[in-house]
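For the sequence shown, full-length UniProt numbering gives the first residue as 1, with consecutive numbering after it. Have a look at the structure below before the remarks.
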Amino acid sequence: MRILIVDDSPLICRQINEIINSMEMNWEIWMVDTGEKAIELIDKNDIDIVFLDIVLPGISGFDVLKFVRRIKEYGDVYVIVMTSLDDDEVIKESFSLGANDFIRKPINQVELTYRLRAAVRLRNYQYLYKSALNDLQEKNKELIELTKKLKETQDVLIQNEKMSAIGQLAAGIAHEINNPLGFVITNIETLGKYIEKFKKIIEEYDKVSKSICSDNQIDMEGVIENCKRISELKKQLKFDFMVEDIDQLLDETMDGLRRVSHIVQSLKRFARSGLDGQASYEDLNDIIEETLLIARNELKYDIEVIKEYGEIRQIYCNRGEIGQVILNILINAAQAIKSQPNRTQKSHIWIKTWEDSDFVYCSIKDDGPGIKRIYLNKIFEPFFTTKDVGKGTGLGLSISYDIIVNKHGGDIWAESEEGSGATFVFKLPIRSKLLENQI
Ligand SMILES: Nc1ncnc2c1ncn2[C@@H]1O[C@H](COP(=O)(O)OP(=O)(O)OP(=O)(O)O)[C@@H](O)[C@H]1O
Ligand SMILES: [Mg+2]
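This is the structure:
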């Protein structure tokens, strides 16, 4: 503590000094005999407590008090005014100018000791309060800094979210185009092989026709021999199967290309108006048949499809989108079945449709490996996939969910026991919300 005694009486200064020293607190003590010296000292040193006489040569104790209270930095200085016993007016004036306490002269040791202790206690509290306030201001600064950083992070996250939504959209489109494109490429490869075989057969016919035209005499035996050879070649190259298959391959390929073109057109429409595709009254059994044709390449050799179509009413829906859902489920089933390399028994997919008063239903069941229980509630989440990197994007079912639930007001779910296949069921409302939106 730094204590200043201001009194023009050396006797009083000494007396107070002795009392303070007797408290053995090791405080610093200054003594001055004028108001001017007091102000100078307060200005230069961090004085905590002032014992202030009012009647001084030069400026008065009141003037010192006014100075101390006017300047903010000294605002906390604790001022104890010293007055004569009968000087109540001075006490009143001192308090109105900002004095903290008073003691009367002649000085009483006990009174001064306790008043000084009270002053010291208050100064200590003020120091504590100041340091707590400083801490608080520091913390506040940190908090402002942190909030700023948080806001920046949030902006980055929102930006990332936007980017990932764009990425998701792009991946979804890539996925939708990739399926038809996949079987178009396979079909064209097969057609290429067929053309090679046809060329071989035509070359043989060419040889025969040339031999008939160039000889004046026709070697019938030779011709018959050549025809037999051609017939053998045709058998060997499975000519009849190729002829039958070509039409189907071309139909499928055209379907695939139309599908890609349809996607591109819907995309254009989507970009223009925010509407994706048009709705109309459709027969779900028809859509399934059409989709089976498209998925034929994935299913054709080793999977038997068993259909059980119910008599169902037409539904108001987006045909392309519902087809996409069925295709996703069928391709997942085929991929699941093909993921069992050691499988010996034949594979099946059962497709069933039925209706009740409000909905038409479709279930697609396979006898593949099934879905682990822990994955069952994750498979409709975007990007959830158990397939190898590059094989599955994990978007097929999340897109399907969006189409059935959000766009058509239906529902889709999966049932599965690990090891005994999976069943996907979806239902579509007879009175679609698409229709209500249109009305
Ligand atoms: N019939 C099924 N049998 C077993 N698991 C399945 C079946 N259908 C879906 N799943 C599981 O659900 C996951 C998610 O399927 P989803 O169609 O959403 O994505 P994906 O097939 O992995 O990739 P993408 O369809 O984007 O190519 C699959 O990775 C698979 O683990
Ligand atoms: Mg899939």
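C-beta atoms are modelled at their ideal positions from N, C-alpha and C, and glycine is treated no differently.
- If you draw a straight line from the Cα of Val79 to the Cα of Lys151, it is about 49 Å long.
- Taking 7 Å as the cut-off, the C-beta of Ile177 does not count as close to any heavy atom of ligand 2.
- Check the Cα spacing between Ser9 and each of Glu28, Val243, Val55: the tightest is with Val55.
- Annotation: Glu417 to Gly370 spans about 6 Å, alpha carbon to alpha carbon.
- Rounded to whole angstroms, the gap between the alpha carbons of Phe51 and Asn134 is 29 Å.
- Asp88: member of the alpha helix (DSSP H) spanning 88 to 97, first to last residue.
- By the beta-carbon neighbour count (other beta carbons within 10 angstroms, threshold 16), Gln248 is exposed.
- According to the DSSP assignment, Tyr401 belongs to the alpha helix (DSSP H) that extends over 396 to 401.
- If you draw a straight line from the Cα of Pro106 to the Cα of Glu28, it comes to about 23 Å.
- For Asp388, the three-state secondary structure derived from DSSP is coil.
- For Gly368, the shortest C-beta to heavy atom distance toward ligand 2 is 7 Å or greater.
- By the CB criterion at 8 Å, Val360 and Lys307 fall outside the cutoff.
- The Cβ atoms of Met31 and Cys13 sit closer than 8 Å to each other.
- Counting along the chain, the unbroken beta strand (DSSP E) around Val425 starts and ends at 422 to 429.
- If the five residues before and after His262 are omitted, its C-beta is found closer than 8 Å to the C-beta atoms of Gly320, all from its own chain and listed in chain order.
- Ile349 is bridged by DSSP to Val305, Asp366.
- Scanning its chain for C-beta atoms nearer than 6 Å, with the 5 sequence neighbours on each side dropped, one finds around Val81 the residues Leu52, Ser94, Ala99, Phe102, in chain order.
- Checking the DSSP bridge columns, you'll see Ser280 partnered with Cys317.
- One alpha carbon belongs to Glu225, the other to Val243, and they sit about 24 Å apart.
- Pairing Leu376 with Leu146, the inter-Cα distance amounts to about 40 Å.
- With respect to His348, Glu304 sits close: the two C-beta atoms are nearer than 8 Å.
- Residue pairing by DSSP places Ala414 opposite Phe424 in a beta bridge.
- In terms of side-chain proximity, the C-beta atom of Leu327 is found no nearer than 7 Å to any non-hydrogen atom of ligand 1.
- DSSP, read as helix, strand or coil, puts Asp101 in strand.
- It is roughly 56 Å from the alpha-carbon of Cys213 to the alpha-carbon of Pro341.
- Proximity annotation: ligand 2 has residues Asn332, Gly396 in chain order, each selected because its CB is closer than 5 Å to a heavy atom of the ligand.
- Beta-bridge pairing by DSSP links Met1 to no other residue.
- Within a 10 Å sphere around the beta-carbon of Val68 sit 16 or more other beta-carbons, which makes this residue buried.
- Taken from the Cβ of Ile306, every heavy atom of ligand 1 lies 7 Å or farther away.
- Judged by DSSP secondary structure, Leu41 falls within the alpha helix (DSSP H) whose first and last residues are 35 to 44.
- Take the alpha-carbon of Ile3 and the one of Thr34: they are about 16 Å apart.
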